[in-house]
Every structure is written in C-alpha cells, then in structure tokens.
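Numbering follows UniProt numbering, in which position 218 of the sequence shown is assigned residue number 218; successive positions increment by one, without gaps.
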Amino acid sequence: MAVSFQSPSLMGAGIGRRCDLRAPTYCYGAKGFPSFLPKEVENIRDPFARRLAQRIERLPVEVGFSDSCIMSSCVKPLIHCDEASPLLLLHSFDSSCLEWRCAYPLLEHAGMEAWAVDILGWGFSNLERHPPCCVSSKRQHLYQLWKSHIKRPVILVGPSLGAAAAIDFCVNHPEAVEKLVLINACVYAEGTGNLARLPKIVAYAGVSLLKSIPLRLYANLTAFHGVPFRTSYDWTNVGRLHCLLPWWNDATVSFMNSGGYNVISQIKEVRQKVLIIYGEYDRIVSNRLAVRLHCELPNAILRQVPDTGHLPHVDKPKAVVKLMEDFIRKDH
Numbered sequence: 001m002a003v004s005f006q007s008p009s010l011m012g013a014g015i016g017r018r019c020d021l022r023a024p025t026y027c028y029g030a031k032g033f034p035s036f037l038p039k040e041v042e043n044i045r046d047p048f049a050r051r052l053a054q055r056i057e058r059l060p061v062e063v064g065f066s067d068s069c070i071m072s073s074c075v076k077p078l079i080h081c082d083e084a085s086p087l088l089l090l091h092s093f094d095s096s097c098l099e100w101r102c103a104y105p106l107l108e109h110a111g112m113e114a115w116a117v118d119i120l121g122w123g124f125s126n127l128e129r130h131p132p133c134c135v136s137s138k139r140q141h142l143y144q145l146w147k148s149h150i151k152r153p154v155i156l157v158g159p160s161l162g163a164a165a166a167i168d169f170c171v172n173h174p175e176a177v178e179k180l181v182l183i184n185a186c187v188y189a190e191g192t193g194n195l196a197r198l199p200k201i202v203a204y205a206g207v208s209l210l211k212s213i214p215l216r217l218y219a220n221l222t223a224f225h226g227v228p229f230r231t232s233y234d235w236t237n238v239g240r241l242h243c244l245l246p247w248w249n250d251a252t253v254s255f256m257n258s259g260g261y262n263v264i265s266q267i268k269e270v271r272q273k274v275l276i277i278y279g280e281y282d283r284i285v286s287n288r289l290a291v292r293l294h295c296e297l298p299n300a301i302l303r304q305v306p307d308t309g310h311l312p313h314v315d316k317p318k319a320v321v322k323l324m325e326d327f328i329r330k331d332h
C-alpha cells in the first residue's frame with residue numbers, strides 16, 4: 001500500500017517522502033524469536049534488543065567464494081522511500097545488527113528506510129559451510145547483499161571498526177554509496193598485526209577468551225560512559241549473543257589470520273560527503289583521531305556527542321539520529 005509519509009522531525013524542513021509501508025516478513029519461533037538465534041536470547045532484558053531480535057531474518061546472498069548462497073542475517077526496513085536513499089547500518093568489531101537496537105526505532109519513526117545488516121563472520125548469518133571471513137570476503141558479501149536486495153545507492157553508516165569496513169566498501173564500490181557516516185571510527189589500526197601469525201591452536205584459545213563474559217563485560221564497561229553495572233551486564237549478553245553460534249570460533253580465527261582491516265591508505269580516496277561523529281568520553285578511540293580523520297577526508301564534517309563513550313548510537317541514540325537526519329537533510 002502506498003502512502004504519503006512525513007517524519008514528524010522533518011516536517012519543519014518541508015521534506016515530504018513518498019513511501020511504501022511493507023508488511024514484515026520475519027518469522028517468529030515459539031518464544032517470539034527467530035529459531036536460528038541462540039536460545040540465550042530469551043534471557044536478554046533490554047526491551048529494545050528483544051524487539052529488534054524478533055525482526056532479524058536471513059536473506060539469500062550469492063557470493064563467488066561459496067558454492068551455495070549464504071543465508072545472511074539483517075533487519076529489513078518496514079518503510080521503502082523512493083525519493084530518499086536508504087541507510088545501510090553496519091556494526092562494530094565482532095558485533096551484530098542488535099547494536100542498532102536503540103537507534104533503529106528512532107530512524108523508522110523519522111521515516112527513514114534503514115537496513116541493519118550483519119557483516120560476514122559476525123552476527124547471525126548461517127556460516128555452517130565455513131566460508132572465508134577475510135576483508136575481501138566481507139566486502140564481496142556486503143556488495144552482493146546490496147546488489148541483490150537494496151539495489152540503490154545508500155547512506156553507509158559504520159561505527160568503530162565498522163567505519164573501516166565502510167571505507168573499504170566505499171572505495172571499492174563508490175557507485176553503491178551516496179554518503180558516509182562514521183561513528184567513533186577505528187580506521188588507523190594496521191590490521192590484526194601479530195595476531196595474524198599466531199599458531200591456530202593459540203588463535204582458537206584466544207578467541208575462546210574473546211567471547212568470555214568477564215572480557216566482554218570489561219569491554220562494555222570501557223565502551224560506555226556512566227551506564228549502570230546491571231545495564232552493562234545485560235548489554236554484555238546482547239553483544240556476545242552471536243558468539244554462541246557454532247561457527248563463530250572458525251569465522252573469527254579466519255578473520256584474525258587474514259590480517260584484518262588496514263584502510264589508512266584508502267581514507268583520502270573517499271569522495272563522498274562524510275559525517276564524522278565522536279563521543280566526548282570515548283576511551284577506546286582517541287578524539288584526536290577523529291580530528292585527524294576530519295583533516296584527511298576531502299569532504300567531511302565533524303560533530304561531537306556530549307556525555308557518551310565509544311558507542312553513542314547505543315546510549316545516546318536521539319543525539320546520533322538527529323545528527324544523521326541533519327546530515328541527510330542538508331542536500332534535500
């Protein structure tokens with residue numbers, strides 16, 4: 001059914017959008033969650049995470065490095081807007097589309113068509129055939145997902161290491177990207193470094209530690225600013241949910257042994273307009289690197305989100321969505 005839809009937050013700017021409202025196609029299991037999610041999803045308390053988890057589905061994606069389609073996890077938009085570019089939301093290192101649990105409802109309320117996708121090797125895609133999860137495979141998988149299911153230039157959003165994935169994708173497939181949004185961008189690391197040379201037995205031991213609750217809880221306490229311990233513990237369970245899938249260890253070792261992302265030389269090749277967002281109290285990526293990135297990108301603006309840490313789209317979603325709206329609206 002076609003309707004005329006105006007976002008309440010955009011009506012003052014006089015932006016009308018012709019949109020299609022799509023009926024959801026995701027399937028519920030016995031407990032209201034897709035059956036392919038680990039059963040531990042039922043223990044999550046965060047209502048935003050629970051609601052978004054119920055909308056995760058798998059789409060077939062054909063790639064050249066696998067004999068069969070990869071059933072790829074994502075959250076599809078309920079709104080299709082022909083007159084505006086869709087958002088393609090990536091996530092940070094070893095995370096999932098659930099990272100957008102707080103911001104996604106706000107984006108939809110603003111009338112934006114948003115795809116929250118899982119990068120190959122992370123999230124909830126079916127990887128039982130153990131495809132390679134190197135940078136080039138991640139890029140090809142994302143491109144084929146875009147080509148098969150989105151089919152229009154997107155506003156590509158990448159937080160943390162997802163910013164490196166976004167830059168890598170943008171430089172290799174510029175026709176697919178209209179604009180970039182980078183959030184606390186981790187783009188100056190030179191890959192996985194010495195970890196790429198670890199013997200496999202040591203690498204597997206390392207990734208087992210990576211998914212442990214104590215290490216994940218520490219990472220959460222570091223990533224967020226002023227979040228209560230109980231909330232951090234629940235968010236730890238959200239953030240490690242995908243690690244409970246049987247192929248996660250193999251996929252993570254594959255990425256680590258491949259050398260990881262090194263996009264330093266690609267930064268100046270980005271020609272799209274870029275919004276750089278950084279949290280005032282980020283303890284993982286120095287704010288100085290946000291300033292450096294702003295200087296090196298040919299066409300970028302820099303904006304700070306006060307009183308937040310490394311993942312402002314999780315704990316300050318209204319501020320992040322407002323910055324994204326203003327950036328998108330600028331040329332309309």
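For every residue, glycine included, the Cβ atom is placed at its ideal position computed from N, Cα and C.
Item                                                                                                                                                                   : Value
Quick one: complete beta strand (DSSP E) runs, 3+ long, within the stretch 40-66?                                                                                      : 57-61
Going by beta-carbon coordinates alone, are residue 133 and residue 36 separated by less than 8 Å?                                                                     : no
If you compare alpha carbons, which of 330, 126, 82 is closest to residue 247?                                                                                         : 126
Give a yes or no on whether the C-beta atoms belonging to residue 184 and residue 285 are separated by under 8 Å.                                                      : yes
Checking the sheet assignment: what are the DSSP bridge partners for residue 303?                                                                                      : 277
Is it buried or exposed for residue 201, if we count other Cβ within 10 angstroms and need 16 for buried?                                                              : exposed
How about residue 96: is its Cβ closer than 7 Å to a heavy atom in the ligand NAP?                                                                                     : Among the components of this structure there are no ligands whatsoever, and the ligand NAP is therefore not found.
Taking the CB atoms as reference points, tell me whether residue 171 and residue 270 lie closer together than 8 Å.                                                     : yes
Would you mind giving the Cβ-Cβ distance between residue 146 and residue 176, rounded to the nearest angstrom? I have them listed as a contact below 8 Å.              : 5 Å
Can you find the residues in the same chain that come closer than 8 Å, C-beta to C-beta, to residue 297, ignoring five residues on each side of it along the sequence? : 267, 268, 270, 274, 276
Does DSSP classify residue 110 as helix, strand or coil?                                                                                                               : coil
Under a three-way DSSP split, which group does residue 254 fall into?                                                                                                  : helix
Using the C-alpha atoms, what's the distance from residue 189 back to residue 97?                                                                                      : 23 Å
State the DSSP-derived secondary structure class of residue 245, mapped to helix, strand or coil.                                                                      : coil
Is the beta carbon of residue 100 sitting closer than 8 Å to the one on residue 242?                                                                                   : no
Under the three-state reduction of DSSP, which class applies to residue 80: helix, strand or coil?                                                                     : strand
Starting from residue 181, trace the beta strand (DSSP E) in both directions and tell me its first and last residue.                                                   : 177-183
Could you give the C-beta distance for residue 94 and residue 135, rounded to a whole number, given that I count them as a contact under 8 Å?                          : With a Cβ gap of about 14 Å, residue 94 and residue 135 do not count as contacting.
By the three-class DSSP mapping on this structure, what secondary structure does residue 309 have?                                                                     : coil
DSSP three-state call for residue 162: helix, strand or coil?                                                                                                          : helix
What number of angstroms, rounded off, separates the C-alpha of residue 333 from the C-alpha of residue 194?                                                           : Given a span of 1 to 332 for the chain in the structure shown, any question on residue 333 remains unanswerable.
According to DSSP, is residue 187 part of a helix, a strand, or is it coil?                                                                                            : coil
Bridge partners for residue 116 per DSSP, in chain order?                                                                                                              : 75, 89
Is it true that the stretch 73-82 meets the stretch 102-116, where meeting means three or more beta-carbon pairs spaced less than 8 Å apart?                           : yes
Using only CA atoms, which one of 300, 128, 231, 198 lies nearest to residue 68?                                                                                       : 128
Just to confirm before moving on: does the CB-CB distance between residue 88 and residue 187 stay below 8 Å?                                                           : no
Would you report the Cα separation of residue 315 and residue 257, rounded to the nearest angstrom?                                                                    : 32 Å
Roughly how many angstroms separate the alpha carbons of residue 324 and residue 180, rounded to a whole number?                                                       : 10 Å
Mind checking residue 84: buried by the 16 CB within 10 Å criterion, or exposed?                                                                                       : buried
Can you tell me which of the three DSSP states residue 284 falls into?                                                                                                 : coil
Can you have a look at residue 317 and say buried or exposed, based on whether 16 or more other CB atoms are within 10 angstroms of its CB?                            : buried
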